[in-house]
Each structure stands twice: as C-alpha cells, then as structure tokens.
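Numbering (our numbering), first residue to last: 8 to 301. In this text, a Cβ means the ideal position worked out from N, Cα and C, and glycines have one as well. A quick write-up on the structure given underneath.
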Amino acid sequence: MDKSKVSIAAILTCHNRKEKTLTCLKNLMSQDGIINVDLDVYLVDDGSSDGTAVAVKKNFPEVNILKGDGTLYWNGGMRYAFSIAKKSDYDYYLWLNDDTFLNSDALTLLLETSNNIKFKNSREIIVTGTIMDIDTGKVNYGGRNKKSKLQRLKFVQLESSTEPQQCDTFNGNVVLIPRNVVQKIGNISPEYSMQHGGDFDYGLRAKYAGFESWVAPGVLGTCSSNSIKDTIFDTDLSLKERRKKMNTPRGVPPAKEWMIFAKRHAGFLWPFYWIRTIVRVVFPWTYLLFRKPQ
C-alpha cells in the first residue's frame, strides 16, 4: 500500500450476476481523477454457479476474491469482505453493490464531499451517493431520512441535489466510510442475516455515535430497481403463493431481526412495530391481504 496515496478498500458481494458484476467492476476500475488513490477490491463470490469468479479473475486479476457458500446474502457477504479489508487498515472503505454502475466521477465526488465537509465540521463523515433507476430515470437508492418522529421506521428517499445533503441513513449501494468511523462503529451488525436492515442500521448507529451521513451532490450512478415480480408484493400471485415467499431472502425481514431493528431505532414506539410483526407471523394471510405492493 502506497502511504503517499489515499487508500480505499472497495467491498462487494455477488451471486450469479456475472455480467452485472463485471460491468460494476469495470466502472469502478476506470474512475476519473483518482491518480492519488490506492484502490483495492474485495469481492465475495457467494456460491455463484455462473462462472462469476473465473470471469472476474480473468478480467480483473487484482481483485481479491473471497469464497462464500451461497448462504451469506448481502449482509453476510458484505460483512465477510469488510472483516477481511479491515485487517489492512485503509483510510476509507467503499461499499458497492455489484448491480450498481458508477459514473466516471463518482469516487471523486465522494472524496470531495468527505474532505469538504470534514474541513468545515472538523469531523469525519460517511458519504453516500444518489443512484438512479436505469430504466425510469428516477432516484431509487441513496440517502434516507426518517419520515417523522412518530414514523420512526419509515424512511424517505432523498432526491438528487446540486449541493451535499445531510441524511439520517442510507441504502448500501455506494457508501464511503472513513477509518475513524469504522474503528468506532465496527462492521455490519451480525444480527442481520439476509438482505434487510444492515445498511440502514449502520447509518443510524453511526448517527447515534455522533457521525453525520451526507449525500454527495448529483447522481453517482445507475441501478435497476428490484422487481416485485414473483415476490410477496406481486399481487398477480395467489395469497398462498405469496405466503410461501414471505420467509425467502426477497420476502420480509425475519421476525427476530426486525425486533432488533425496532428496539434500536424506534425508541419508545418499538413495541408497536413488534406487534405488527407478531400479526405478520401469526396471521400471515391478513398481513398479505392488506400489504400494499411496493
């Protein structure tokens, strides 16, 4: 590692999305204006059967490929890559989803935002980026704010802006986290096992510890929104079919994990959110009947 440069560890996890993973890495490796950045990449291949690891090794031999068994999902895969990268004590850690395609100036904007606000506030910050749906052109991932004091687990998506915006938490698509924050907050919480909760929880825990999160100006890249087709939100399916999909990775958060999230982040209202979870577990048909498609 070149000590004269800013060191960044990019951490990703993937499963059977070879072409998207390759495009993501290509965009990451070809960022503009990062001559003074020493970038290492840690990629967890979580049991892919489509040749992802072989293709990555062929096209990007410098990438550190870590093997998963197919049961890590986003939280577990990112946590694994994060734990390995942390051993080398980088200046920054860059979370990046393998289906997120960065614009060529994304890393520059993340670093500039981090440096500018750190200079003003004399404290390290987390910086996320606004991501746009590649098909609709609408913002779908990025910074999030709590909707209100009474709706503490409802998070509103921030639209893009020409100026940096402060946020409560963030989606994990692209997030730049400095060393000092990682030393204080640590890794993604081990309580979250599949796709849900780990990113929002990390941003909120950082906030409670006194670290601000900001959204870099502009749009930093594109990512297709998750389709509701063949999920519990797909109203073209029967209630019986939707019930079967509730406890899958693309279903609803496991009840125990949701209780942990609610206890941490809903304050005195957490029992209300937990009661809703009990309804979901005990009366799944009622839950699905009144659950609005997302």
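CA-to-CA distance, residue j to residue i, given in whole angstroms
i: residue 151; j: residue 177; result: 5 Å
i: residue 110; j: residue 34; result: 7 Å
i: residue 116; j: residue 278; result: 40 Å
i: residue 41; j: residue 108; result: 17 Å
i: residue 9; j: residue 16; result: 13 Å
i: residue 104; j: residue 275; result: 33 Å
i: residue 98; j: residue 215; result: 22 Å
i: residue 206; j: residue 37; result: 26 Å
i: residue 90; j: residue 194; result: 7 Å
i: residue 128; j: residue 24; result: 40 Å
i: residue 161; j: residue 282; result: 16 Å
i: residue 126; j: residue 65; result: 41 Å
i: residue 138; j: residue 226; result: 6 Å
i: residue 157; j: residue 179; result: 25 Å
i: residue 57; j: residue 273; result: 41 Å
i: residue 39; j: residue 82; result: 29 Å
i: residue 196; j: residue 243; result: 35 Å
Contact set for residue i: own chain, Cβ-Cβ below 6 Å, skip 5 residues either direction
i: residue 50; result: 19, 70 and 72
i: residue 245; result: none
i: residue 101; result: 15, 17 and 183
i: residue 191; result: 216
i: residue 271; result: none
Spatially closest choice to residue i from the options, by CA coordinates
i: residue 44; options: 57, 215, 68 and 14; result: 14
i: residue 163; options: 118, 136 and 175; result: 175
i: residue 124; options: 36, 281, 171 and 21; result: 171
i: residue 22; options: 202, 207 and 267; result: 202
i: residue 68; options: 82, 91, 86 and 29; result: 29
i: residue 11; options: 57, 46 and 39; result: 46
i: residue 221; options: 32, 119 and 56; result: 119
i: residue 121; options: 269, 106 and 173; result: 173
i: residue 27; options: 39, 106 and 56; result: 106
8 Å Cβ cutoff met for residue i and residue j
i: residue 230; j: residue 141; result: yes
i: residue 159; j: residue 96; result: no
i: residue 48; j: residue 113; result: no
i: residue 84; j: residue 228; result: no
i: residue 93; j: residue 189; result: yes
i: residue 204; j: residue 264; result: yes
i: residue 200; j: residue 80; result: yes
i: residue 262; j: residue 280; result: no
Sequence-distant residues of the same chain with beta carbon closer than 7 Å to residue i, five excluded per side
i: residue 168; result: 224
i: residue 267; result: 198
Chain-order list of residues whose beta-carbon lies under 8 Å from that of residue i (same chain, five-residue window excluded)
i: residue 76; result: 53 and 54
i: residue 130; result: 217, 218 and 219
i: residue 87; result: 20, 51, 73, 75 and 79
i: residue 31; result: 19, 103, 104, 105, 106, 107, 108 and 109
Cutoff 8 Å: residue i Cβ touching any chain D Cβ
i: residue 197; result: The chain labelled as chain D is not found in the depicted structure, where only one protein chain is given.
**Message:** Assess contact between the segment 138-150 and the segment 59-76, defined as three or more Cβ pairs (one per stretch) separated by less than 8 Å. Is contact present?
**Reply:** Short answer: they don't touch.
**Asked** Touch check for the segment 207-222 and the segment 151-170: three-plus C-beta pairs under 8 Å?
**Response** Judged by Cβ distances under 8 Å, the segment 207-222 makes contact with the segment 151-170, as three or more pairs qualify.
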